[in-house]
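Reading through the C-alpha cells given below for one structure.
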Ligand SMILES: Cc1ncc(C[n+]2csc(CCOP(=O)(O)OP(=O)(O)O)c2C)c(N)n1
Ligand SMILES: [Mg+2]
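Chains as they are written, first to last, in our numbering: chain A, 1 to 344; chain B, 1 to 331.
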C-alpha cells in the first residue's frame with residue numbers, strides 16, 4: 001500500500017518507525033523538539049526542527065529521546081559518535097550541512113576512523129541528517145551541497161535521496177546501518193509529494209536506481225538534480241532521444257556497476273551535480289567511467305555543475321548558478337552534433 | 001611625549017540625538033522589512049533586530065570607522081548603528097546590484113568593511129575569532145582601534161566563544177564581547193541551553209571583567225561600553241558585557257513564537273521598550289526637546305521609505321557578476 005506524502009513527511013515517518021522499533025534510536029539536534037523547558041508549551045506546539053521535519057516526534061517519544069541541544073555542533077555531534085559506539089543508535093541533526101565547519105573533526109577524525117584505528121573493535125551506528133542545496137535564496141553559508149567532502153573520507157557512508165519513497169527507505173537503512181552515515185536532505189525537496197509505501201521498509205545503501213530507462217544517453221544525477229534530468233529527458237523524448245536517468249542514491253558506496261552498464265548500453269554520459277565542480281561527485285563519476293568504461297563511450301563525458309564559486313544570494317544569480325533542463329539540452333545538442341534539439 | 005589617555009565622557013546633546021535617531025532608524029527599518037517580507041516580495045529569510053536597538057546603538061555610539069564590529073545573522077541593527085547606508089542595506093536585502101554586497105550576500109551577510117562593519121554572519125559563533133583578528137591588527141599596527149563582537153545567547157555555547165575570548169584575554173587584545181541575551185536561541189530558552197546563570201559569569205574563567213547590563217536601557221549600555229572600550233584602548237584587554245534584551249519579532253519571519261508567553265511579550269514590547277525609555281530620559285534630562293524628537297521621527301520614516309524605493313528601483317546583478325569576486329586574482 002502506498003499513499004502520497006511529502007519528502008519531509010517521509011523522513012519524519014522513517015524516524016518515527018525507527019524509534020518505535022528500537023529504543024536505542026534517539027534524535028538530537030538544535031530545536032529538533034523545540035522549546036525545551038518552556039513550561040507552557042504543549043509538545044504539539046513545539047517547532048520540530050527549523051523546517052518542521054521532526055515535528056511530532058517529541059510528543060510520541062518524549063524529551064529523553066528527542067533532545068534539543070545548545071548551538072554546539074562539536075559538542076553534540078561528537079557526543080553522538082561515542083553514544084553510538086557505546087550502545088545507542090543516534091540520529092544527529094546538523095541543521096545545514098554548511099555548519100559542518102563547526103564539527104568536522106568529530107565526523108572526519110572520530111566517527112569515520114574509530115573502527116579502523118581500533119582494529120575493528122568498535123562500530124559507530126550514527127546517522128547524521130543534514131540539509132543541503134541551493135535555490136532557497138539562503139546565500140553562501142546556507143546553500144552548499146557538501147557531499148563530496150564526506151565521500152572523500154573513508155569510513156563514512158554518504159546517502160542523497162531524490163524522492164519521498166527513497167528518502168524513507170534509505171533513512172531506515174541508514175539508521176540501522178552499523179557504520180556512520182551522512183544523510184543529505186535537499187531543503188527545496190521537502191514539500192515535494194510522491195507515492196510512499198506504508199510501514200517499515202528499507203532500500204539498500206549502495207544500490208543505484210534507474211529513474212527512467214533510455215537507450216541513447218545516460219544521465220547520472222545527484223539528489224534534486226534527478227528531477228532536472230527527468231525534465232530534460234522528457235524534453236529530449238519529444239525530439240526522439242531517449243535518455244536513461246540513473247540516480248546513484250548514495251555516493252559512498254557508489255553503485256559502479258549500474259552506472260557502467262548503463263553507459264555500456266547508451267555510449268554517452270552526462271553527469272548533473274549542483275555542487276561545485278572541483279573534486280566533486282561529478283568528477284568522481286566521470287573518472288569512474290573514463291577509467292573503467294572508456295571503451296563504451298561514443299562521445300566525451302560531459303558534466304553540468306555549479307560554477308567554481310560560492311552560492312550567490314540574489315535570485316537572478318542563483319538561478320544562473322544551478323543546472324537546468326535547458327542547460328542539459330544544450331549539452332546533449334553538442335554531444336550528438338544536432339543543434340535542432342535546443343530549439344523548442 | 002605624554003600620551004593622553006582617553007577618559008570617560010558624559011552623554012552630550014549631539015550624542016543623544018544621534019542615538020535616538022539610530023534607534024528609530026533600526027526600528028523603522030525592521031518594521032518595514034517585516035511588512036515587506038509578509039507580502040512575499042523578499043527572497044530568502046530575514047532575522048529582525050527590533051527590540052534590541054539599545055545594544056547596538058549604545059555600543060556603537062563610542063566607535064568610529066577605524067573600529068571594527070562583527071555581527072550575527074540578526075545584523076541589520078549592528079549595520080545601521082555602525083553607519084552603513086540604509087539604501088545599500090535595503091537593496092542588499094532585495095538582492096539588487098546596488099546593495100552593499102552587490103546582491104551577493106543578502107540580509108545575513110551585509111557588510112561594509114570601509115565602515116568597520118565586518119559582516120553579518122550566517123554561522124552562529126562565527127564572530128568571536130573574527131573580532132579577535134581585527135583586534136590583533138589594531139594592536140600590532142598600533143591604530144588605537146577596538147573590535148566589538150556582538151553575539152547571541154545561543155552563540156555563547158558554541159566552542160568559538162571559548163577559543164575567541166581566551167585568545168583575546170591572553171594577548172590583551174582590544175576586544176569588547178557584547179552578548180545580546182534575548183532569552184532564546186530560535187525556540188530554545190537561554191536557561192535550558194546554558195549551564196551558567198548569566199553569560200557575564202563566564203568572564204571570571206578568562207580573568208577579564210564581566211558586566212551585566214539592562215539591554216533595554218541605552219544609557220546603561222552606553223556607560224558600560226564606554227568603560228570596556230576605554231579599557232581596551234588603554235591596552236588592558238577584553239571585556240565581556242551581557243545585555244539582557246528581547247527580540248520583538250520571531251526568530252525569523254514566519255516563526256509563530258509559541259514558546260513566548262503573552263505576558264512576557266506585553267512587558268518587553270510595550271512596557272520596557274528601549275526607544276520609549278530613552279525618549280522619556282532625554283526629555284527629563286532636557287537633552288532634547290519634544291520638537292526635536294518629532295523631527296527625528298519624521299525624518300526616519302522618510303529615510304526608510306526612500307531606502308525601499310531605492311531598492312525597488314535598483315537593477316538586479318548581471319550574469320557576468322556571478323563569477324566576480326571569488327578571488328582577487330585566479331589564473
Ligand atoms: C554554527 C551554526 N549552528 C546553527 C545555526 C542555526 N541558527 C541560526 S540562528 C540560531 C539561533 C541563534 O541564537 P542566538 O545566538 O541567541 O541569537 P538570536 O537569534 O537570539 O539573536 C541558530 C541555531 C547557525 N546559523 N550556525
Ligand atoms: Mg538569542
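Positions of the beta carbon are idealized from the N, C-alpha and C atoms, including for glycine.
- prompt: Around the Cβ of residue 117/A, are there at least 16 other Cβ atoms within 10 angstroms (buried) or fewer (exposed)?
  reply: Taking the first residue of the first chain as position 1, residue 117/A is located at position 117. Looking at its Cβ environment, which holds fewer than 16 other Cβ atoms inside 10 Å, residue 117/A is exposed.
- prompt: So, does the CB of residue 101/B fall closer than 9 Å to a CB anywhere in chain C?
  reply: No chain C is part of this structure, whose protein chains are labelled A and B.
- prompt: CB residue 134/A to CB residue 274/A, shorter than 9 Å?
  reply: One-based indexing of the first chain puts residue 134/A at position 134. One-based indexing of the first chain puts residue 274/A at position 274. Contact: yes.
query: Going along the chain, which unbroken runs of the alpha helix (DSSP H) with 4 or more residues stay wholly within the segment 188-248 of chain A?
result: Listed in chain order, the complete alpha helix (DSSP H) runs (minimum 4 residues) inside the segment 188-248 of chain A are 225-238.
query: Going by Cα to Cα distance, which pick from 87/A, 198/A, 25/A, 203/A is closest to residue 5/A?
result: The residue you call residue 5/A lines up with position 5 of the first chain. Of the candidates 87/A, 198/A, 25/A, 203/A, the one whose C-alpha sits nearest the C-alpha of residue 5/A is 198/A.
Nearest neighbour of residue 271/A, chosen from 261/A, 284/A, 264/A [CA to CA]: Start at 1 with the first residue of the first chain, and residue 271/A comes out as number 271. It is 284/A.
- prompt: Buried or exposed: where does residue 337/A fall if 16 or more other Cβ atoms within 10 Å of its Cβ makes it buried?
  reply: Position 337 of the first chain, counted from the first residue, corresponds to residue 337/A. That one is exposed.
Local Cβ density within 10 Å of residue 288/B, reported as buried at 16 or more and exposed below that: The count along the second chain starts at 1 and reaches residue 288/B at position 288. Under this definition residue 288/B is a buried residue.
task: Out of 211/A, 139/A, 98/A, 33/A, point me to the one whose CA is closest to residue 192/B's CA.
output: As a working note, residue 192/B is residue 192 in the second chain. The residue with the shortest Cα to Cα distance from residue 192/B is 33/A.
message: Quick test of your reading: residue 224/A and residue 188/A, contact by CB under 8 Å. State the CB separation rounded to the nearest angstrom.
response: Counted from its first residue, the first chain places residue 224/A at position 224. Counted from its first residue, the first chain places residue 188/A at position 188. About 6 Å; that satisfies the 8 Å criterion.
message: Any beta carbon of chain A sitting closer than 9 Å to that of residue 259/B?
response: Taking the first residue of the second chain as position 1, residue 259/B is located at position 259. At least one beta carbon of chain A lies nearer than 9 Å to the beta carbon of residue 259/B.
- request: Drop a sphere of 10 angstroms on the beta-carbon of residue 287/A, count the other beta-carbons inside from all chains shown, and report buried for 16 or more, exposed for fewer.
  value: For this step, residue 287/A is matched to residue 287 along the first chain. Per the 10 Å Cβ criterion, exposed.
task: For residue 144/A, collect the residues of the same chain with a Cβ closer than 6 Å to its Cβ; drop the 5 residues on either side in sequence, then sort them by chain order.
output: The sequence position of residue 144/A within the first chain is 144, counting from 1. Taken in chain order, the residues that qualify are 98.
- request: Starting from residue 332/B, find everything on chain A with Cβ-Cβ shorter than 9 Å and list it in chain order.
  value: Within the shown structure, residues of chain B are numbered from 1 to 331, placing residue 332/B beyond reach of any answer.
- prompt: Going by the beta-carbon positions, is the gap between residue 11/A and residue 89/A smaller than 9 Å?
  reply: As a first step, residue 11/A is located in the first chain; it is residue number 11 there, counting from the start. As a first step, residue 89/A is located in the first chain; it is residue number 89 there, counting from the start. In terms of Cβ geometry, residue 11/A and residue 89/A do not form a close pair [threshold 9 Å].
- prompt: At what residue ranges does the segment 238-266 of chain B contain a whole run of the beta strand (DSSP E), taking only runs of 3 or more?
  reply: 239-244
query: In the structure shown, what three-state DSSP assignment does residue 32/B receive?
result: Looking up residue 32/B in the second chain gives position 32. If DSSP states are grouped into helix, strand and coil, residue 32/B belongs with the helices.
- request: Give the residues from the segment 24-49 of chain B that approach chain A closer than 8 Å (Cβ to any Cβ), ordered along the chain.
  value: 43, 44, 45
task: Kindly provide the ranges of any alpha helix (DSSP H) runs that are 4 or more residues long and lie completely inside the segment 167-205 of chain B, ordered along the chain.
output: 190-193
- request: Starting from residue 273/A, follow its DSSP beta bridges and name the residues at the other end.
  value: Along the first chain, read from residue 1 onward, the residue named residue 273/A stands at position 273. Looking at the DSSP assignment, residue 273/A forms a beta bridge with 305/A.
query: Where residue 168/A and residue 7/A are concerned, what is the direct C-alpha to C-alpha distance, given to the nearest angstrom?
result: Position 168 of the first chain, counting from 1, holds the residue named residue 168/A. Position 7 of the first chain, counting from 1, holds the residue named residue 7/A. Their Cα atoms are separated by approximately 8 Å.
query: Could one say the Cβ of residue 94/A lies closer than 9 Å to chain B's Cβ atoms, at least one of them?
result: Residue 94/A sits at position 94 when you count from the first residue of the first chain. Proximity of residue 94/A to chain B, defined by a Cβ-Cβ separation below 9 Å, is not satisfied.
task: Go ahead and pull the three-state DSSP assignment for residue 123/A.
output: Walking along the first chain from the start, residue 123/A turns up at place 123. Per DSSP, reduced to three states, the secondary structure at residue 123/A is coil, with no helix or strand assignment.
- request: Say whether chain B places a C-beta atom closer than 9 Å to the C-beta of residue 110/A.
  value: In the first chain, counting from the first residue as 1, residue 110/A sits at position 110. With respect to chain B, the C-beta atom of residue 110/A has no partner C-beta closer than 9 Å.
message: For residue 333/A and residue 259/A, I'd like the C-alpha separation in whole angstroms.
response: Translated into the one-based positions of the first chain, residue 333/A becomes position 333. Translated into the one-based positions of the first chain, residue 259/A becomes position 259. C-alpha separation (whole angstroms): 22 Å.
- prompt: Beta carbon of residue 433/A, beta carbon of residue 281/A: below 9 Å?
  reply: Lying outside 1 to 344, the shown extent of chain A, residue 433/A is not represented and no answer is given.
- prompt: Is the CB-CB distance between residue 163/A and residue 226/A below 9 Å?
  reply: Taking the first residue of the first chain as 1, we reach residue 163/A at position 163. Taking the first residue of the first chain as 1, we reach residue 226/A at position 226. Yes, these two residues count as a Cβ contact at 9 Å.
query: Are the beta-carbon atoms of residue 218/B and residue 53/B separated by less than 9 Å?
result: One-based indexing of the second chain puts residue 218/B at position 218. One-based indexing of the second chain puts residue 53/B at position 53. Yes; because the gap between Cβ atoms is below 9 Å, this pair is in contact.
message: Cβ closer than 7 Å: which chain B residues qualify as neighbours of residue 139/A?
response: In the first chain, the residue the question calls residue 139/A occupies position 139. Listed along chain B are 44, 105, 106, 108, 109, 122, each with a C-beta nearer than 7 Å to that of residue 139/A.
field: residue 127/B - DSSP class collapsed to helix/strand/coil
entry: Locating residue 127/B in the second chain gives position 127, where the first residue counts as 1. Here residue 127/B sits in helix by DSSP.
- request: State yes or no: is the C-beta of residue 255/B nearer than 8 Å to some heavy atom of ligand 2?
  value: Position 255 of the second chain holds residue 255/B. Residue 255/B Cβ: outside cutoff for every heavy atom of ligand 2.
field: Supposed contact pair residue 123/B and residue 153/B - C-beta distance, whole angstroms, cut 8 Å
entry: Within the second chain, the letter at position 153 stands for residue 153/B. Within the second chain, the letter at position 123 stands for residue 123/B. With 8 Å as the limit, residue 153/B and residue 123/B do not qualify as a contact, their Cβ atoms being about 16 Å apart.
task: Just mark residue 28/A as buried or exposed, buried being the case when its beta carbon has 16 or more other beta carbons within 10 Å.
output: By one-based count along the first chain, residue 28/A stands at place 28. Flag for residue 28/A reads buried.
query: List, in order along the chain, the chain B residues whose C-beta lies closer than 8 Å to that of residue 309/A?
result: Looking up residue 309/A in the first chain gives position 309. Within chain B, the residues near residue 309/A are 322, 323, 326.
task: Determine, using beta carbons only, whether residue 316/B comes closer than 9 Å to chain A.
output: For the purposes of this step, residue 316/B is taken as the residue at position 316 of the second chain. For residue 316/B, the answer is yes, since a Cβ of chain A falls inside 9 Å of its Cβ.
- prompt: Shortest alpha-carbon distance to residue 82/B belongs to which of 118/B, 281/B, 47/B?
  reply: Within the second chain, the letter at position 82 stands for residue 82/B. Of the listed residues, the one whose Cα sits closest to residue 82/B is 118/B.
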